[in-house]
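Inspection log for the structure reproduced underneath, given as structure tokens.
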């Protein structure tokens, strides 16, 4: 940790000392926590924006619009053509 010397007006100093005492903290710890709390929303906002970007636009995926495999092979155009004069199985002769 680094040390920092700051100059405060009397009323601000008195208020900060009372607030620190209410929370059971030293004045130094209170000021340090106040600065950390002030910085945290910026980091949280940046993380939220990044998460929203990585989640994408919210549209359904391409695969949702595609037919399933069963639907593809169930269509008559894909089925094999069998001439009417042929029988199934081995005719032998």
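In the working numbering, the protein residues as written are -11 to 81.
Here a beta-carbon is modelled for each residue, glycine too, at the ideal position from N, C-alpha and C.
Requested in this report: Buried or exposed for residue 41, please, with buried defined as at least 16 other CB atoms from any protein chain shown within 10 angstroms of its CB.
Outcome: exposed
Query - Buried or exposed (CB count within 10 angstroms, at least 16 for buried), residue 18 - result: buried
Report task. Give the C-beta separation of residue 15 and residue 4 to the nearest angstrom, bearing in mind that I take them to be a contact with Cβ-Cβ under 8 Å. Result -> 6 Å
**Report entry** residue 17 in three-state terms, based on DSSP
**Finding:** helix
Query raised in the report: Can you tell me whether DSSP reads residue 60 as helix, strand or coil?
Result: helix
Requested in this report: Please work out which residues of its chain come closer than 6 Å, Cβ to Cβ, to residue 46, disregarding the five sequence neighbours upstream and downstream, and give them in chain order.
Outcome: none
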